[in-house]
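Residue numbers (the numbering used here), protein chains in the order written: chain A, 628 to 1024; chain B, 18 to 514. Where is the CB? At the ideal position from N, CA and C, for every residue including glycine. Data block below; observations after.
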Amino acid sequence: MTDPLKPRDAKDVEAAVGWALAEAKTLEIVGRGSKRGIGRAAQWDLSLDLSELSGVTLYEPEELVLSAKAGTPLAEIEKLLAEHNQELAFEPIDYGPLLGGPAGDGTAGGTVAANLSGPRRIKAGAARDHFLGFTAVSGRGETFKSGGRVVKNVTGYDLCKLMAGSWGTLAAMTDVTVKVLPRAETGQTLLVLGLDDAKATQAMSAAMNSPNDISGAAHLPAPVAARLTGAGRAVTALRVEGVAPSVVHRVHSLESLLKSFGALATLDETTSRPFWKSVRDVMPFAGDDRVIWRISTAPSRGHEIAAAIEESEYFYDWAGGLIWLALPSMHDGGAARVRSAVAGNGHATLIRAAPGLRASVAVFEPQTQGLAALTRRVKESFDPKGVLGPGRMVAGV
Amino acid sequence: MSVKMPEPDQAVLARRAEIVAALQTIVPGEGVIAHEREMRPYESDGLTAYRQLPFVVVLPETTEQVSRVLAYCHANDIRVVPRGAGTSLSGGALPLADGVLLGMGKFNRVREIDFANRAAVVEPGVTNLAISQAVAHEGFYYAPDPSSQIACSIGGNIAENSGGVHCLKYGMTTNNVLGCEIVLITGEVLRIGGKHLDAEGYDLLGIITGSEGLLGVVTEVTVRILKKPETARAVLVGFMSSEDAGRCVSAIIGAGIIPGGMEMMDKPAIHAVEEFVHAGYPLDVEALLIVELDGPAAEVDHLLARVEAIARDCGSTECRVSTSEDERLLFWAGRKAAFPAVGRISPDYYCMDGTIPRAKLPLVLKRTRELSEHYGLRVANVFHAGDGNLHPLILYDANKPGELERTEEFGAEILKLCVEVGGVLTGEHGVGVEKRDLMPAMFSEIDLNQQQRLKCAFDAKGLLNPGKVFPTLHRCAELGRMHVHAGRVAFPDIPRF
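This is how it looks when you write it as structure tokens:
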């Protein structure tokens, strides 16, 4: 592939897309490349590298709002927020280690374009829920904007939702604005030990259905728990965050709620933080070469779906609704098994696999005929000539 | 009415008897209303300044009927206006003279409650409050709570992406829906999402939410339900100026506290409400904050003490914490009745809905007072202070010649001011017909054309709710045209920057 196009500013991005249109070239939109290995492995003529569009352009802590150029390193944003006791409440996963790259290398644009989230998804939402506004260049080579810099806005279609999770296939975002929130004063994690997956699902559901405002609910079956914590038993983890008196109260309340399930233990703030970071970043599966799937389903169904996929190793986040699943190398990466197990109860995405596999099987959950046709029409409404990352999500789209 | 709607299609008007008969074969019995007297109740929604008798009203009961009605309208180039409970404050359900008004009120069943997955599956005509009531026996509720929650339907909430007084902490509709069944204008039925999180591809649910009935007709909704907090307490804080009250709001958030609700009222609003509801609001203050904290008692008490201290630092003259659940509800009863209360002190009122960066509040209130003098019209302000969503209520008398027009002009000035200071035209009521012609104050032609291209992906003939949201309608073929000239781009070779 030729050297990437490296625009210096938003105007350059418009020029680059305009050129690609005129020359009938296709572009891969890329920030710092931390998630480049996710998606279908298609061939694009050139990369449009937005990493030089960098810098926070507006941060008003009391307004809970931050704007940044698309290529701004996420690490820079998170550091700035931490200085003001704030954070991105959706707890974006750092895919670096899982994909064999360095940690901390994502960008603002990539974070929203991939609709990242983390364990706190069940309470605080994903990037989509915190994404307030953007400026972008469509596949027509036109600069347009949507949303704004205020947290409550219904003026026109909510295009932020569409950009979030579009993986650079609709428009090249140049500036993004997100809602930021105060960081919890403290947090603790209650562990229930030794539960099987079905029992753990019940325990997580009981916790979620209590008024204890759970901000993380994960279950690590014994083999995964052993790798992460050295524990010999399965670990079901429930996180509460907030002001100290509230955290203490809620942990006690959870202890009485869950003591009948099994032995309990707690992680204090200093051990709780790294534990959830590991869950968030799928550290139990970082550093090996198995195929990794990410399955989102109804929380009560998670353990049945996971159990139906032979030879897999897995753990659960989102109270059972998110399954991180590793499979040994096989011809289709386990696609047939995974798809038939999910079967309409959510969706599975192939997150880590060799390019050959990502070219031959569907990476994102195949859609019904009607939705697939609508998806194609939506893509064409932004990018009629298929200039921006064609084929990254769906073959031929 | 000072807003121009699309020209009625004469060919459709001429075929009325035939069209009514065809619709009656799809929705039999009383499901088709064609007599003028019976159609009257549908001639406007919550924005009563605008009225138009529908072409015909259809009240389907099943997804299949909705699908067949839409397919028929699509095949015959007939416009369709979807309607939920008709509480829109922006004219989102304003009928068209040549349009089928598709009322979804008969879709009123709760289909499934799934506590294990914290989800409820309901039909779109179920009211917002009825969802909370259906799950209350297990201590659950549905979080978004627009003031009209007793009447507004969840289908309408999806169309408008409705908010409420608790959305700073719990989000708007879009943050609380998991899935839907939607019928496109072609009659095609699509299921999007379910009880799981996030989309497998593009977030179509996210784009349908807040699309004001322009993309499809929702026939089923799956929402997320939440366990009620253990306790909630509210505090009334009075200030001698709205600047002090505004500073207090910023200081609370700056201290890392996100209250369950944080509302502000100015003096005219306080007085109107107190006379109406007797909520015990102080009458000698210029601005009143209601701050609600929810969670375990230990947390609520801890944070209340901090909020009280912050309020004192910001110069509060009065601080009253609710001592019982009844008193807390009374504090809110006042706020939630603000619109009708203002309705008692004026023959008519016009409710605006801009959002601004909170720091600009003193400026916007000052300019609003100046405009109020200029136009000779009184204003009462209620404000979702936590998220910067301002509801100035302009008091007017529609029977006085020219007063409605002056009111609309005044309102437009306020909204343009909101955009000028970095805010937006509408925080939760929607664009509808009301703010349609102001859209260019916020969006360029390119921005608006891109939004309309998305509409084309759902409704290529532009038959669903035309005349709403977009000031100028373009044909999809025209919007789709591309002007690419290789010789005229900046970089004839690969651009190197």
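Go through its chain and collect everything with a Cβ distance to residue 733(A)'s Cβ below 6 Å, but skip five positions before and after it. 661 and 701
Partners in chain B for residue 639(A), counting only beta-carbon separations shorter than 8 Å: 512 and 514
Using CA coordinates, which residue listed in 93(B), 129(B), 269(B) and 227(B) is at the minimum distance from residue 174(B)? 227(B)
Taking the CB atoms as reference points, tell me whether residue 1024(A) and residue 799(A) lie closer together than 8 Å. no
Should residue 777(A) and residue 381(B) be called a contact, given that it needs their Cβ atoms to be closer than 8 Å? no
So residue 445(B) packs on residue 781(A), CB below 8 Å; how close in whole Å? Contact between residue 445(B) and residue 781(A) holds: CB atoms are separated by about 6 Å, below the 8 Å threshold.
Say whether the region 695-714 of chain A touches the region 882-889 of chain A, bearing in mind that this needs 3 or more beta-carbon pairs closer than 8 Å, one atom from each stretch. Contact between the region 695-714 of chain A and the region 882-889 of chain A is absent, because fewer than three Cβ pairs lie under 8 Å.
Establish whether the CB of residue 808(A) and some CB of chain B are separated by less than 8 Å. Contact with chain B is found for residue 808(A), since one of that chain's Cβ atoms lies less than 8 Å from the residue's Cβ.
Taking CB distances under 8 Å as the criterion, tell me whether residue 281(B) reaches chain A. no
Touch check for the region 354-368 of chain B and the region 316-325 of chain B: three-plus C-beta pairs under 8 Å? no
Just the chain B side, please: which residues come within less than 7 Å of residue 924(A) by C-beta, in chain order? 213
Whole alpha helix (DSSP H) runs in the region 154-198 of chain B with 4 or more residues, listed along the chain? 171-177 and 184-187
Can you find at least 3 beta carbon pairs, one from the region 417-433 of chain B and one from the region 281-298 of chain B, that sit closer than 8 Å? no
Going residue by residue through the region 360-430 of chain B, where are the continuous alpha helix (DSSP H) segments of at least 4 residues, counting only ones entirely within it? The region 360-430 of chain B contains these whole alpha helix (DSSP H) runs: 378-392.
Which chain A residues are close to residue 497(B), counting only those with a beta carbon under 9 Å from its beta carbon? 1007, 1008 and 1011
Which chain B residues sit within Cβ distance under 7 Å of residue 782(A)? 441, 442, 443, 448 and 459
Less than 8 Å between CB atoms is the rule here; does residue 800(A) satisfy it with respect to chain B? no
By DSSP's criteria, residue 772(A) is part of a beta bridge. Which residues make up the other side? 762(A)
How many Å lie between residue 686(A) and residue 1021(A) at the Cα? Residue 686(A) and residue 1021(A): Cα-Cα distance of roughly 36 Å.
Short check: CB of residue 167(B) to CB of residue 159(B), under 8 Å? no
Span of the beta strand (DSSP E) around residue 573(A): Lying outside 628 to 1024, the shown extent of chain A, residue 573(A) is not represented and no answer is given.
So which residues on chain B does residue 831(A) lean against when the C-beta distance must stay under 7 Å? Ordered by position in chain B, no residue passes the 7 Å Cβ test against residue 831(A), which lies about 10 Å from the chain.
Rounding to the nearest angstrom, what Cα-Cα distance links residue 560(B) and residue 784(A) in this structure? In the structure displayed, chain B extends from 18 to 514; residue 560(B) sits before or after that span and is not available.
Report the neighbours of residue 226(B) on chain A: residues whose CB is nearer than 8 Å to its CB, in chain order. 785 and 788
Proximity of residue 76(B) and residue 44(B) at Cβ, strictly below 8 Å: yes
For chain B, check one thing: does any of its Cβ atoms lie closer than 8 Å to the Cβ of residue 643(A)? At least one CB of chain B lies nearer than 8 Å to the CB of residue 643(A).
With a threshold of 16 other CB atoms inside 10 Å of the CB of residue 678(A), please say whether the residue is buried or exposed. By the neighbour-count rule (16 or more Cβ atoms within 10 Å), residue 678(A) is buried.
So, residue 59(B) versus residue 112(B), is the Cβ gap smaller than 8 Å? yes
Is the region 199-209 of chain B in contact with the region 256-268 of chain B, if contact means three or more CB pairs nearer than 8 Å? Proximity of the region 199-209 of chain B to the region 256-268 of chain B falls short of the contact definition, fewer than three beta-carbon pairs being nearer than 8 Å.
Taking only runs of the alpha helix (DSSP H) that begin and end inside the region 690-755 of chain A, which ones reach a length of at least 4 residues, in chain order? 701-710, 735-740 and 748-751
Secondary structure at residue 970(A), three-state DSSP: helix, strand or coil? Three-state DSSP puts residue 970(A) in coil, outside helix and strand.
Boundaries of the alpha helix (DSSP H) in which residue 519(B) is found, first to last residue: The requested residue 519(B) is not part of the displayed model; chain B covers only 18 to 514.
In the DSSP assignment, the alpha helix (DSSP H) including residue 1003(A) goes from what residue to what residue? 996-1009
Chain-ordered chain A contacts of residue 474(B) [CB-CB under 8 Å]: 1001, 1004, 1005, 1007 and 1008
Under the rule that 16 or more other beta-carbon atoms within 10 Å means buried, what is residue 304(B), buried or exposed? buried
When you compare only the Cα positions, how much space is there between residue 932(A) and residue 969(A)? 6 Å
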